[in-house]
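**Student:** Got a structure for you, written out below as structure tokens; questions coming shortly.
Structure follows, in structure tokens:
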């Protein structure tokens, strides 16, 4: 008698069992065993909730170019180090859904919108941002992105005071569309999810704005994110689901 290795199966096989019995399914093939282990690994990596099921999937790699260890997420992950043992995430593939990647654990630091597609290195998610980071350490799933039904109102002053400007489309330059201030004091998301940028042309720091966070109310620029040091917003667009 011999004990099969992990890649061979999960039962003990006798020396005199013939190949026909093995073909009938008494052993799990190496390929099947590997697939089963991968599926178990994915399950451990994921935080499944009813609204996430069958919708969103994010695949992460520890190195650039989709190299090194990988794991999949289908829900929020406050620390990829705690979840997977990864030191960092340096390439990403968004299979479905819309996500936010953060520079630090617990959804802290610079935020980067991750929509469906491939991000083989940090340049792909940073783009022409005024701030570059070569790693992401926490991830959050956006639940309310709706490209066909999105609305946000910008206000010049804090607490929804002063002049206002209602937006329901993508604006690569708010000044060109009539917004006369270089800053946004507060804003109210009526529906959907948005990403606002520090400069025209979707450049500079990114601020993800959701109807489901703060009740859609951002009363002052510091509520835009932990990295927000100014209320300067000069372009804004709807997030693609």
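In the UniProt record's numbering, the protein residues as written are 1 to 241.
Beta carbons are placed, not taken as given, at the ideal position from N, Cα and C, and that holds for glycine.
Because the structure is a prediction, the values reported are computed rather than measured.
Would DSSP call residue 113 helix, strand or coil?
**Tutor:** strand
**Student:** Could you check where the beta strand (DSSP E) with residue 84 kicks off and where it finishes?
**Tutor:** That residue, residue 84, is in no beta strand (DSSP E); its alpha helix (DSSP H) goes 80-84.
**Student:** Return the residue from the list 145, 100, 82, 105 that minimises the CA-CA distance to residue 125.
**Tutor:** 100
**Student:** Give me whichever residues DSSP pairs with residue 157 in a beta bridge.
**Tutor:** Per DSSP, the beta bridge partners of residue 157 are 161.
**Student:** So which of 172, 159, 152, 173 has the shortest CA-CA distance to residue 165?
**Tutor:** With distances taken between Cα atoms, residue 165 lies closest to 152.
**Student:** CB residue 117 to CB residue 56, shorter than 8 angstroms?
**Tutor:** Going by beta carbons, residue 117 and residue 56 fall outside the 8 angstroms limit.
**Student:** In whole angstroms, give me the CA-to-CA distance for residue 192 and residue 67.
**Tutor:** 34 angstroms
**Student:** Quick one: residues in its chain with C-beta nearer than 7 angstroms to the C-beta of residue 210, no 5 flanking neighbours on either side, listed in chain order?
**Tutor:** 142, 144, 189, 193
**Student:** Out of 64, 136, 115, point me to the one whose CA is closest to residue 78's CA.
**Tutor:** 136
**Student:** Rounded to a whole number of angstroms, what is the C-alpha to C-alpha distance between residue 127 and residue 203?
**Tutor:** 8 angstroms
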